Amino acid sequence: MKNKIATGLKVLALALTLSACSSGGNDQVKIGFVVKQPEEPWFQDEWKYAEQAAKEKGFTLVKIGAPDGGQVLTAIDNLKSQHAQGFIICTPDVKLGPSIVAKAKADGLKLMTVDDRLVDGSGNAIDTVPHMGISASKIGEQVGQAIADEMKKRGWNPEETGALRISYDQLPTAKERTDGAIAALTAAGFPTANIVNAPEAKTDTENAFNAANIAITQNPKYKHWVAFGLNDEAVLGAVRAAEGRGFRADNMIGVGIGGSNSALNEFAKGEPTGFFGSVLISPKRHGYETSVNMYEWIKNDKAPPQLTLTTGQLITKANSAEVRKEMGL
């Protein structure tokens, strides 16, 4: 009888040990990665690098596209039902901040943000949520400086040049980027009066085209145009609109942000276009590093930095392949 009890206790102890190992194993860590525009190359790349992190660390990654507020809240509940322990999100509306924080807390999920930082009801950043973003103003300044340098190289008269600001001011990141570009341009001597605001309804090429087309039509006095905005798509829209008005590569300087496939496709064309360059931002850090940070937070209770800001590097038709290789892309 004693032997049976001893054997039973050993079996129970072994079962408990195996259970503890399983519950603490890497395969039990599940992390959500929610993005606002899953069809965009930037977010596809973030997911790709998040998948790389999942493969290396052995956790399960749940990718969810949530282009509106209702889908964001549904996505969080969905992650809870799948027994995830945390998630990373780029929300379609930063003003959803309080709701996202409350929902994550109610569902017992750790929360990190990427790209766009959550704001509270007063429009202030919610600094209690760890965030990895882009130094928007610095990258904007890189864009403005690149445009100013190329204008000088071409010998353009700033007084004869118009600047298209493809704006999307409801997104703080977008405004910070374009404000940074303006700061660098004006510091280089570009006249503020020549900056034309062209608001886009959505952050894609079609809406940027429509905004730029109106702006160029209303300002026929300029011999040259430059363009900047939130992303590559904004500038590509402006370039296409300028082409329709007769402004080609020799009379147009557009510098985007992102170094996306759209930009690379433009550089791959046989002849140069008005899309001169793009400030390449590495989606690897934003996808891979945030996922590893969330894994360490869940697995080892190692909280991520509260704020991490990344910068970029100018790529052009001449150097894009070399720079991308240097950045591991």
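For the sequence shown, the working numbering gives the first residue as 4, with consecutive numbering after it. Heads up, the beta-carbon is just placed ideally off N, CA and C, and yes, glycines get one too. Bear in mind the structure is a predicted one, so any value in this text is a computation, not a measurement.
{"Check": "Cβ-Cβ distance between L82 and K106 below 8 Å", "Outcome": "no"}
{"Check": "Alpha-carbon to alpha-carbon, K113 and P133", "Outcome": "10 Å"}
{"Check": "4-residue-minimum alpha helix (DSSP H) runs that sit fully inside the segment 213–293, ordered along the chain", "Outcome": "235–247 and 264–270"}
{"Check": "Environment of P101 [buried if 16+ CB atoms lie within 10 Å]", "Outcome": "exposed"}
{"Check": "Per-residue DSSP class, three states only, for P101", "Outcome": "helix"}
{"Check": "For Y171 and E144, believed in contact at Cβ under 8 Å, the rounded distance", "Outcome": "Not really, about 18 Å apart at Cβ, beyond 8 Å."}
{"Check": "R168 (DSSP reduced to helix, strand or coil)", "Outcome": "strand"}
{"Check": "Cβ shell of F250 (< 7 Å), same chain only, five flanking positions each side left out", "Outcome": "W228 and G277"}
{"Check": "Sequence-distant residues of the same chain with beta carbon closer than 7 Å to V326, five excluded per side", "Outcome": "L283, Q316 and I318"}
{"Check": "Unbroken beta strand (DSSP E) run spanning G35, endpoints", "Outcome": "K33 to V38"}
{"Check": "Under 8 Å between C-beta atoms of T63 and A57", "Outcome": "yes"}
{"Check": "Extent of the continuous beta strand (DSSP E) run through K113", "Outcome": "K113 to D118"}
{"Check": "Exposure of S281, with buried meaning 16 or more beta-carbon neighbours within 10 Å", "Outcome": "buried"}
{"Check": "Cβ pair V258, V146 closer than 8 Å", "Outcome": "yes"}
{"Check": "Nearest neighbour of I198, chosen from A78, A271, I169 and G247 [CA to CA]", "Outcome": "I169"}
{"Check": "Neighbour-count burial assignment, A9, 16 or more Cβ in a 10 Å radius", "Outcome": "Caution is warranted here: a pLDDT of 44 is assigned to A9, below 50, making its placement in the model unreliable, and no coordinate value can be reported."}
{"Check": "Best match in V65, R248 and L267 for proximity to M297 [C-alpha to C-alpha]", "Outcome": "V65"}
{"Check": "Counted within 10 angstroms of its Cβ, other Cβ atoms place N200 as buried (16 or more) or exposed", "Outcome": "exposed"}
{"Check": "Closer than 7 Å: N216 CB and nearest the ligand PLP heavy atom", "Outcome": "Because no ligand of any kind appears in the structure shown, any question about the ligand PLP cannot be addressed here."}
{"Check": "K320 to T314 span [Cα, whole Å]", "Outcome": "20 Å"}
{"Check": "Where I79 sits in the DSSP three-state scheme", "Outcome": "helix"}
{"Check": "Cα-Cα separation, E299 to I129", "Outcome": "22 Å"}
{"Check": "Close Cβ partners of G333 (< 7 Å) along its chain, the five nearest in sequence each way excluded", "Outcome": "Residue 333 lies beyond the stretch modelled for the chain, which goes from 4 to 332, so this question has no answer here."}
{"Check": "First and last residue of the uninterrupted beta strand (DSSP E) at K66", "Outcome": "T63 to G68"}
{"Check": "Euclidean distance between Cα positions of K328 and A109", "Outcome": "43 Å"}
{"Check": "Length of the line joining the Cα atoms of A87 and D207", "Outcome": "32 Å"}
{"Check": "Buried/exposed call for A271, threshold 16 Cβ in 10 Å", "Outcome": "exposed"}
{"Check": "Spatial distance of N303 from D119 (CA atoms)", "Outcome": "26 Å"}
{"Check": "Where I150 falls: helix, strand or coil (DSSP)", "Outcome": "helix"}
{"Check": "Where the beta strand (DSSP E) containing F90 begins and where it ends", "Outcome": "G89 to I92"}
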